[in-house]
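Per full-length UniProt numbering, residue 1 is the first one in the sequence shown, and the count goes up by one each step.
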Amino acid sequence: MANAYSAGRWPSGMERVSLTRTVPADPETVTDLITDVEPFMLAAGFDEVTLDGDDLGITNRVGLFEIELDLEIVETDAVLRYEQRQGIFESMMTEYTVEAVDGGTEVTATTEYSALDLPVLGEMIDSTVISRQRKKELNKQFDWLVERVS
1 MANAYSAGRW PSGMERVSLT RTVPADPETV TDLITDVEPF MLAAGFDEVT LDGDDLGITN
61 RVGLFEIELD LEIVETDAVL RYEQRQGIFE SMMTEYTVEA VDGGTEVTAT TEYSALDLPV
121 LGEMIDSTVI SRQRKKELNK QFDWLVERVS
């Protein structure tokens, strides 16, 4: 199951990381797994995930730094979408979509973010590092989805 991956700066000035993988299961099964938010987020390798209604908190140690994000789950056409309320970015959102395809369900995860909101870390953690880290997290989540349906 190959991944399609893209990263880079988009016209809006936001950075974008997008990853797609086909999961060998029907869209309903995949949607159920993604919308079971706590285990799905823990599958990314985050150190701590808390969920209270639409409030999602993530703590993750990346290298020498501990990153905490206060996120809000937002209702959209996507299976799951969350946006940063407080954290290291000026703004950040991630959404997951599913589509039935031959052999299963194509899952696409897209994260868009703009600038780090931390003067010291902003110089030390550039977009390349963030993109690489995010790609690892999304791949872990996709691996988890495949393991759950296999």
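Note that beta-carbon positions come from the ideal geometry of N, C-alpha and C, so glycine has one too.
These figures come from a predicted structure and were not determined experimentally.
Pick from the options that is closest to residue i, judged by C-alpha positions
{"i": "valine 17", "options": "Phe89, Asp143, Gln133", "result": "Gln133"}
{"i": "asparagine 139", "options": "Thr22, Asn60, Ser114", "result": "Thr22"}
{"i": "methionine 14", "options": "Phe89, Ile73, Glu106, Arg85", "result": "Phe89"}
{"i": "aspartate 55", "options": "Tyr113, Glu66, Phe142, Arg85", "result": "Arg85"}
{"i": "serine 114", "options": "Thr35, Ile73, Ala25, Gly87", "result": "Gly87"}
{"i": "glutamate 137", "options": "Glu68, Val74, Leu69, Gly45", "result": "Gly45"}
Sheet register partners of residue i (DSSP bridge)
{"i": "glutamate 147", "result": "None, per the DSSP bridge assignment."}
{"i": "alanine 100", "result": "Thr105"}
{"i": "glutamine 84", "result": "Leu71"}
{"i": "methionine 92", "result": "Tyr113"}
{"i": "threonine 22", "result": "Glu106"}
Spatial distance of residue i from residue j (CA atoms)
{"i": "methionine 92", "j": "arginine 81", "result": "11 angstroms"}
{"i": "leucine 33", "j": "valine 149", "result": "9 angstroms"}
{"i": "alanine 43", "j": "lysine 135", "result": "13 angstroms"}
{"i": "phenylalanine 40", "j": "leucine 64", "result": "25 angstroms"}
{"i": "alanine 100", "j": "isoleucine 58", "result": "30 angstroms"}
{"i": "tryptophan 144", "j": "threonine 111", "result": "18 angstroms"}
{"i": "arginine 61", "j": "threonine 29", "result": "31 angstroms"}
{"i": "glutamate 83", "j": "isoleucine 130", "result": "16 angstroms"}
{"i": "aspartate 102", "j": "proline 27", "result": "11 angstroms"}
{"i": "aspartate 47", "j": "threonine 35", "result": "19 angstroms"}
{"i": "glycine 53", "j": "glutamate 66", "result": "24 angstroms"}
{"i": "threonine 50", "j": "glycine 104", "result": "30 angstroms"}
{"i": "leucine 71", "j": "glutamine 141", "result": "18 angstroms"}
Own chain partners of residue i with C-beta closer than 7 angstroms, once the 5 adjacent residues on each side are dropped
{"i": "glutamate 147", "result": "none"}
{"i": "alanine 78", "result": "Glu95, Tyr96, Thr97"}
{"i": "alanine 25", "result": "Gly104, Thr105, Val149"}
Own chain, CB closer than 8 angstroms to residue i, minus 5 neighbours either side, in chain order
{"i": "threonine 128", "result": "none"}
{"i": "threonine 76", "result": "Glu95"}
Near the ligand MG: residue i beta-carbon under 7 angstroms from a heavy atom
{"i": "aspartate 70", "result": "For the ligand MG, the structure offers nothing, since it holds no ligand at all."}
Own chain, CB closer than 6 angstroms to residue i, minus 5 neighbours either side, in chain order
{"i": "threonine 108", "result": "Thr20, Thr97"}
{"i": "glutamate 68", "result": "Thr59"}
{"i": "glutamate 38", "result": "Val49, Leu51"}
Q | Those runs of the alpha helix (DSSP H) which lie wholly inside the region 33-80 and span at least 4 residues | A | 37-42
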